[in-house]
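Numbering (our numbering), first residue to last: 68 to 547.
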């Protein structure tokens, strides 16, 4: 989350090159382009050549300039955060987030949109971290009521999330709207929960939802059937975790949209796991990410983090559509859109296209899950839930030796424990908790206690500390 956006300069120069297509481009450039076009037409007169839209260049050029400005703002905010000037970092990032939202909405080149989205998420995660640090320094509680661990001490994730234990989440103060024409009550967001079932999110009808229903039941049916079959492995356990965390269990259907229930999923923006956390946000919500473990891939740990993040977002908006949009785009972007556009109705907000599609996708998946027979999915062979035993043993432990002790192979151990990145499980306080094949846990523990089996410990050193520095004009290797 703290690195610079990769490949941004090349993509920005691509946007700058769009000036050649702009109406005010130099005459020489326009003449050369026309000459090449005529030659192509002369050599292939049987094919009609469709000219590129003339407004594509200026749009991408503007988006590229916005990205350059936002990249500089991100670098300044990173330095401010490192210097513990948290409020300055927040103030620097907020306009950058707005600029990147505009870049994603206006750019025509998908590479520019993807690069802007990557930087957008990095800015959002850094802003979230800066807000937490600023509020902690001022002694302000986070939104809602602090959740405590069973030991009575706040965990890293609990101190970020202000969570009440029972659904629905507590209402938050209204987000201020711009002065002037006030939106009517119907535009201030729908009720978040079904009165009869706190685990249910209200299903909203909209042409965009119909569009995704048509896709999932048409051209996208094979993909959705694959997702649906795989969902059986994790659906029940994730629902139990969401209910325990005090959020609607309907939120489990967000995993269809995020990853198709694939723990190994990785996006172009380096978001990882079933709930698609980027590294910075994952660490804020208590997930361990290093060269040995990536808890973003763990179905249980990542679901806990996602539930706390979603509860935080709902506390800001009192609207699940807006909370879901914020999960995709970042709360800063959605809060700014609400303030600028004067509405809390998701369907009326101007947001990046990816976010505009995100909530309708979720609603479409929710509609299918509530009546699979209506949409022709009742015949899908859904996988049975994962069956396993959970053991806590001295560590670190070699996964290959553990597999031998359980009478299985290391691939099965890694399938049950996708968070381990190598063939070793590092320990916390000299112990490690793992999942082993169903029925093997009791025998394993008995053999370990009786001395008939021993698991060799392995070395899992901490990641080395890395200090990043941007070399500036006048600096030399000696001075550094």
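Just so you know, even glycine gets a beta-carbon here, dropped at the ideal spot from N, CA and C.
- With distances taken between CA atoms, residue 320 lies nearest to 436 out of 271, 389, 436.
- If you ignore the 5 residues before and after residue 497, its C-beta comes within less than 8 Å of the C-beta of 461, 462, all in its own chain and listed in chain order.
- According to the DSSP secondary-structure assignment, residue 492 is paired through a beta bridge with 464.
- Secondary-structure assignment with DSSP links residue 333 through a beta bridge to 339.
- By the C-beta criterion, the region 305 to 316 is judged to be in contact with the region 360 to 376, since at least 3 inter-stretch pairs fall below 8 Å.
- Looking at the DSSP output, residue 457 sits in a beta bridge with 502.
- The region 446 to 457 makes no contact with the region 425 to 433, as fewer than three CB pairs between them are under 8 Å.
- For residue 424, no beta strand (DSSP E) encloses it; the enclosing alpha helix (DSSP H) starts and ends at 420 to 437.
- At the C-beta level, residue 391 and residue 426 come within 8 Å of one another.
- DSSP assignment within the region 134 to 194 yields the following whole alpha helix (DSSP H) runs of 4 residues or more, N-terminal first: 153 to 173.
- Counted as a single uninterrupted DSSP element, the alpha helix (DSSP H) harbouring residue 388 occupies residues 387 to 396.
- Per DSSP, residue 264 is one residue of the beta strand (DSSP E) stretching across 264 to 268.
- In this structure residue 393 does not touch residue 411 by the C-beta definition: roughly 12 Å separates them, more than the 8 Å allowed.
- When secondary structure is reduced to three states using DSSP, residue 361 falls in the strand class.
- Taking the Cβ atoms as the reference, residue 202 lies roughly 38 Å from residue 127, outside the contact range of under 8 Å.
- Three or more beta-carbon pairs separated by less than 8 Å are not found between the region 505 to 517 and the region 482 to 489, which leaves the two stretches without contact.
- Taking a C-beta distance under 8 Å as the contact criterion, residue 163 and residue 197 do not qualify as a contact pair.
- Residue 284 and residue 292 have their C-alpha atoms spaced approximately 10 Å apart.
- Counting only runs of 3 or more residues that sit fully inside the region 261 to 325, the beta strand (DSSP E) segments are 264 to 268, in chain order.
- Remark: three or more beta-carbon pairs, one from each stretch, lie closer than 8 Å, so the region 356 to 367 and the region 324 to 338 are flagged as touching.
- Its chain contains 476, 477, 480 as the residues whose beta carbon lies nearer than 6 Å to that of residue 470, once the 5 sequence neighbours on both sides are disregarded; these appear in chain order.
- With respect to the 8 Å criterion, residue 492 and residue 464 are classified as neighbours on the basis of their beta carbons.
- In the structure shown, residue 405 adopts helical secondary structure according to DSSP, grouped into three states.
- Residue 449 carries a coil assignment under DSSP once its states are collapsed to helix, strand and coil.
- The beta carbon of residue 400 is closer than 6 Å to those of 164, 168 in its chain, skipping five residues each way along the sequence.
- Within its own chain, the residues whose Cβ lies closer than 6 Å to the Cβ of residue 358, once the five positions on either side in sequence are excluded, are 530, listed in chain order.
- The alpha carbon of residue 141 has as its nearest neighbour, out of 523, 388, 192, 545, the alpha carbon of 192.
- Burial is judged here by how many other beta carbons sit within 10 angstroms of a residue's own beta carbon; residue 519 has fewer than 16 and is exposed.
- Counting C-beta atoms within 10 angstroms of its own C-beta, residue 537 has fewer than 16 neighbours from the protein chains shown and is therefore classed as exposed.
- The Cβ neighbour count for residue 398, taken over all protein chains shown within 10 Å, is at least 16; the residue is labelled buried.
- DSSP, read as helix, strand or coil, puts residue 356 in strand.
- The beta-carbon distance between residue 317 and residue 268, rounded to whole angstroms, is 4 Å. This is short enough to meet the 8 Å contact definition.
- In the DSSP annotation of this structure, the continuous segment of the alpha helix (DSSP H) that includes residue 514 starts and ends at 508 to 517.
- Rounded to whole angstroms, the gap between the alpha carbons of residue 527 and residue 324 is 35 Å.
- Spanning the alpha carbons of residue 334 and residue 517 requires a straight line of approximately 46 Å.
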